[in-house]
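K.L.:
I have a structure I would like to understand better, so I am pasting it below and will then ask my questions one at a time.
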Amino acid sequence: MRKLIYYIAVTVDGFIADPDGRTDFFLAEGDHMAWIVEHYPETIPGHFRGPLGLSDTPPRAFDTVLLGRATHQIAVDEGLSSGYPHLRQYVVTHRPGDLPAEEGLSASDEDPVTMARRLKAEDSPLDIWLCGGGALAGELVDEIDEFRLKVNPVVLGDGIPLVAGPAGSGGRAGDVDARGDVRALPLVQRMRREFGSGVSYVEYTRS
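Going by UniProt numbering, the first residue of the sequence shown is number 1, and it counts up by one from there.
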């Protein structure tokens, strides 16, 4: 069975965007970018792949991307049908009919846990990229196999957290149990790489 991997940029204090959804404070230049392009070329948005010479570069980690409506809307607001036309795209939304149609893109109000489990059960050598956002990650936290984080040297103090949103049927990290204790999701650090830009790449697996 393949994995659901939450691969995303995050601030030191755990936010993936500011309260308005902006992410332009994340570092787009520096030695970490060459490493990302080498190891995760498929995560570069489609309209940047040509200028970076990645048009014919096959995926190395993911062949499928799962994202929430707000995350997908960023590309739509730029006049694009989607951000990752080179991947199979699944957008979780309560209004699937409102999104521009594109081959290879499925917009659905299917329960995200059911969707994730179905995609994980597929026969593929590559994994599934959970692109965001925090609310969708909150619903899927019990299905996430690995967190791969690009930790940027930025502190926001407020914004969209890495994991948020309503609890799923099994609960999520941060929920309070019957005793009043906060439910924690223990993780094990598998890898860490520091870059001169100040960005750290960290991989965590479930303990």
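Just so you know, even glycine gets a beta-carbon here, dropped at the ideal spot from N, CA and C.
Computed from a predicted structure; not experimentally measured.
(1) Looking at the structure shown, is residue 136 part of a helix, part of a strand, or coil, going by DSSP?
(2) Can the beta-carbon of residue 85 be found less than 8 Å from the beta-carbon of residue 46?
(3) Kindly indicate which residue of 101, 184, 160 has the alpha-carbon position closest to the one of residue 141.
(4) Whole angstroms are fine: how far does the CA of residue 67 sit from the CA of residue 80?
(5) Going by DSSP, what residue range makes up the beta strand (DSSP E) through residue 150?
(6) Check for me: the alpha helix (DSSP H) holding residue 48 runs from which residue to which?
(7) Please report the distance separating the alpha-carbon of residue 122 from that of residue 155.
(8) Hey, would you say residue 32 sits closer than 8 Å to residue 199, going by beta carbons?
(9) Please work out which residues of its chain come closer than 7 Å, Cβ to Cβ, to residue 188, disregarding the five sequence neighbours upstream and downstream, and give them in chain order.
(10) What first and last residue would you give for the alpha helix (DSSP H) that runs through residue 208?
(11) Any idea which residues DSSP pairs residue 189 with across the strands?
(12) Let me know if residue 222 comes out buried or exposed under the rule of 16 or more other beta-carbons within 10 Å of its beta-carbon.
P.N.:
Taking the definition as stated:
(1) The answer is helix: DSSP assigns residue 136 an H, G or I state.
(2) A contact, by the Cβ cut-off of 8 Å.
(3) When only C-alpha atoms are compared, the closest one is 184.
(4) Pairing residue 80 with residue 67, the inter-Cα distance amounts to about 16 Å.
(5) Residues 146 to 152.
(6) Counting along the chain, the unbroken alpha helix (DSSP H) around residue 48 starts and ends at 46 to 49.
(7) C-alpha of residue 122 to C-alpha of residue 155: approximately 38 Å in a straight line.
(8) Cβ distance < 8 Å, so residue 32 and residue 199 count as in contact.
(9) Taking residue 188 as the centre and dropping the five residues before and after it, the same chain places the C-beta of 204, 205, 207 closer than 7 Å to its C-beta, in chain order.
(10) Within the shown structure, residues of the chain are numbered from 1 to 207, placing residue 208 beyond reach of any answer.
(11) 204.
(12) There is no way to answer for residue 222, as the model of the chain reaches only from 1 to 207.
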